[in-house]
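Residue numbers (my numbering), protein chains in the order written: chain A, 35 to 372; chain B, 38 to 344.
The next block holds one structure in the form of structure tokens; read it before the comments.
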């Protein structure tokens, strides 16, 4: 494995590995065929290699998920691609009422091996309908599992884990990550040691500063925010000598707070950051679980950081004021220790 | 669709099996409405009174492993395939022996390669996926999906038809056009026609106007074989009637419209074909359903939980 592999290359390799390993996997989506290989090149090389298991479709998100559901129902392992995560709203019925409900609504467990890939997030200037982070809209659907791409996790393990789960999964992929380098060994941002905590194919990445005992703060960030979270934590240490450990989970929902409960209880101060606007959010779900597990140990309310309560503007300078930045995370962290 | 008054068409007598299958659905649905009226059923149900001959006609044309997708009005589809009134009634009443543990109820049944859901139009793209599975694995199987005239209001229908034709999938769409969506007549719901919609995608189309099961099978057998072996999707539109309400007591049609529908009921037509034999089977099936209902309603409630 090359040290300088980009996250998008790693994800593309994961798709190649999974499709090579399982003859019953399909990749279905818009413009996914070679030589184009998808709007973000993540499916590059798949149609040349796997032929009729890579299906390019009309602009029909509902049917993409419907066909994926039909394939899953008949024992296959489809991976559906939404060109932009924003378009998943057009497939909401198929995901919520068919993919997820088919697992249990017929009175017995019926496995649905189905992964929906969603490029999400802003910072690319694509504007209000191509920049959203729709994770929150899929929280709390029985048997629907949510995951997020990170610069630390190996996507072959994550993708295999999702596809073997037997429950439909949505994989949210911050599109800015695709061109960033993966972190595997050595220090992250010259300061943080990367380890994984928790069992199974979906461990949580932990970034901590060597030689520091218990950090004063815990920062929980899904993969898309990992870079901004690490940058904020680094600045906090270098400028203010405040140590903050960053945790990056792979599984967003159902969320297993157990690996975080102990470090959060010891630090007593925790911040949860996400790209969605406030209101019914993933951060609120995590905060609720932290209150339940760590109530006696918390020294301050759980701090949430969201994007602004706003559509995501197209113009760079306007978008910058809406999306979460390392500066906005940093100021939230400083307020938390004050 | 305008329902015009006409004498019951002459129908050729059925063999015992088909006749009993028709009557099984008829008396099952009647029993459900009786049980509702007696306060013995919870929730809601959608009976297919008047439409029973549609799945009974199709049943021998479909292979055991063909995937059949049904909808909210699916009791006839299920009973024509499985002849299992006890399992279905137990499912609807949440009692032991329920085919889906009482979780699915009237609208959500999954057994073998038969599945129903309660969302209009949702199963068309799903059926296209199942059809793709059959084609790719070179199995001589098709996916059949029952929809109504009202289902054509859903975009998923068009997305799926387009793809089925583009990809040459063995998909059979059976339209039970009873002329009414809950309480809204087709005239207020649908511009153009079902035929025009199928033709717009280059999808084959066949219209069935008779209740004569022999004739229906003769017309459809070669068409369905083309779906199965040549992977040509097909829309079959049955011009049919809904005798009962949409669900329980919500029939807002004028009495004369319901009466005109009744005049087109297969029940009188098949009775006229062979009254003595018909009455004998009618009596037998009615008794069977009475016994099934009495038995099922005595059973303990399902314990719940998903096995």
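The C-beta atom is built at its ideal place from N, Cα and C for all residues, glycine as well.
Residue range of the unbroken alpha helix (DSSP H) whose run includes residue i
i              : result
residue 111(A) : No alpha helix (DSSP H) contains residue 111(A), which is instead part of the beta strand (DSSP E) from 111-115.
residue 179(A) : Not the alpha helix (DSSP H): residue 179(A) falls in the beta strand (DSSP E), residues 179-182.
residue 251(B) : 250-267
residue 49(A)  : 41-55
residue 130(B) : 122-130
residue 102(A) : 95-107
Among the options, the one whose alpha carbon lies nearest that of residue i
i              : options                           : result
residue 107(B) : 126(B), 122(B), 124(B) and 85(B)  : 85(B)
residue 291(B) : 169(B), 51(B) and 217(B)          : 217(B)
residue 78(B)  : 95(B), 60(B), 132(B) and 100(B)   : 132(B)
residue 151(B) : 104(B), 248(B) and 62(B)          : 104(B)
residue 160(A) : 370(A), 350(A), 368(A) and 313(A) : 350(A)
residue 47(B)  : 256(B), 303(B) and 165(B)         : 303(B)
residue 279(B) : 118(B), 91(B) and 72(B)           : 91(B)
residue 204(B) : 274(A), 90(A), 113(A) and 202(A)  : 90(A)
residue 186(A) : 236(A), 51(A), 195(A) and 155(A)  : 236(A)
residue 270(B) : 95(B), 98(B), 182(B) and 147(B)   : 182(B)
residue 207(A) : 371(A), 370(A), 372(A) and 45(A)  : 45(A)
residue 264(B) : 246(B), 211(B) and 288(B)         : 211(B)
residue 258(B) : 97(B), 73(B), 309(B) and 172(B)   : 97(B)
residue 341(A) : 116(A), 121(A), 251(A) and 307(A) : 307(A)
residue 95(B)  : 281(B), 254(B) and 276(B)         : 254(B)
residue 200(A) : 103(A), 228(A) and 243(A)         : 103(A)
Whole-angstrom distance between residue j and residue i, CA atom to CA atom
i              : j              : result
residue 286(A) : residue 180(A) : 5 Å
residue 56(A)  : residue 231(A) : 28 Å
residue 218(A) : residue 141(B) : 47 Å
residue 165(A) : residue 358(A) : 13 Å
residue 332(B) : residue 57(B)  : 20 Å
residue 83(B)  : residue 111(B) : 8 Å
residue 68(B)  : residue 179(B) : 33 Å
residue 221(B) : residue 184(B) : 16 Å
residue 206(B) : residue 111(A) : 19 Å
residue 139(A) : residue 192(A) : 27 Å
residue 86(A)  : residue 251(B) : 40 Å
residue 236(B) : residue 273(B) : 12 Å
residue 337(A) : residue 277(A) : 17 Å
residue 360(A) : residue 160(B) : 45 Å
residue 52(B)  : residue 119(B) : 18 Å
residue 144(B) : residue 128(B) : 10 Å
residue 322(B) : residue 166(B) : 38 Å
residue 317(A) : residue 339(A) : 8 Å
residue 324(A) : residue 229(A) : 22 Å
Proximal residues of chain A, C-beta to C-beta of residue i below 9 Å
i              : result
residue 214(B) : Neighbours of residue 214(B) on chain A: none; closest Cβ ~23 Å, over 9 Å.
residue 143(B) : Ordered by position in chain A, no residue passes the 9 Å Cβ test against residue 143(B), which lies about 13 Å from the chain.
residue 205(B) : Neighbours of residue 205(B) on chain A: none; closest Cβ ~12 Å, over 9 Å.
Within-8 Å CB hit, residue i to chain B
i              : result
residue 227(A) : no
residue 126(A) : no
residue 151(A) : no
residue 35(A)  : No answer about residue 35(A) holds up, because its pLDDT of 42 lies below 50 and its placement is not dependable.
residue 90(A)  : no
residue 110(A) : yes
residue 114(A) : no
Within chain B, the residues that residue i reaches when beta carbons sit closer than 8 Å
i              : result
residue 123(A) : Per Cβ cutoff of 8 Å: no residues; residue 123(A) is ~13 Å from chain B at best.
residue 86(A)  : 173
residue 102(A) : 166
Residue-level contact to chain A via CB, residue i, 8 Å cutoff
i              : result
residue 181(B) : no
residue 162(B) : yes
residue 52(B)  : no
residue 40(B)  : For residue 40(B), the pLDDT reaches just 45, beneath the cut-off of 50, and the residue's location in the model is therefore unreliable, although a value from the coordinates is still provided. By this cut-off, residue 40(B) is not an interface position.
residue 140(B) : yes
residue 111(B) : no
residue 147(B) : yes
residue 159(B) : yes
Chain-ordered chain B contacts of residue i [CB-CB under 7 Å]
i              : result
residue 191(A) : Those do not exist, as residue 191(A) stays about 27 Å from chain B at its closest Cβ, beyond 7 Å.
residue 54(A)  : Within 7 Å Cβ-Cβ: nothing; residue 54(A) doesn't reach chain B, min ~18 Å.
residue 105(A) : 166, 169 and 170
Neighbour list for residue i in chain A, Cβ cutoff strictly below 8 Å
i              : result
residue 156(B) : 127, 131 and 132
residue 135(B) : 141
Range covered by the beta strand (DSSP E) that runs through residue i
i              : result
residue 194(A) : Not the beta strand (DSSP E): residue 194(A) falls in the alpha helix (DSSP H), residues 189-198.
residue 184(B) : 180-185
residue 355(A) : No beta strand (DSSP E) holds residue 355(A); the alpha helix (DSSP H) holding it covers 350-356.
residue 207(A) : 203-208
residue 153(A) : 149-154
Residue i Cβ short of 7 Å to the ligand PLP heavy atom set
i              : result
residue 111(A) : Absent from the structure shown: the ligand PLP. Ligands present: none.
Under 9 Å by beta carbon: chain B residues contacting residue i
i              : result
residue 94(A)  : 162, 192, 193, 195, 196, 197, 199 and 200
residue 147(A) : Going along chain B, no residue has its Cβ under 9 Å from residue 147(A), so there is no contact; the nearest lies around 13 Å.
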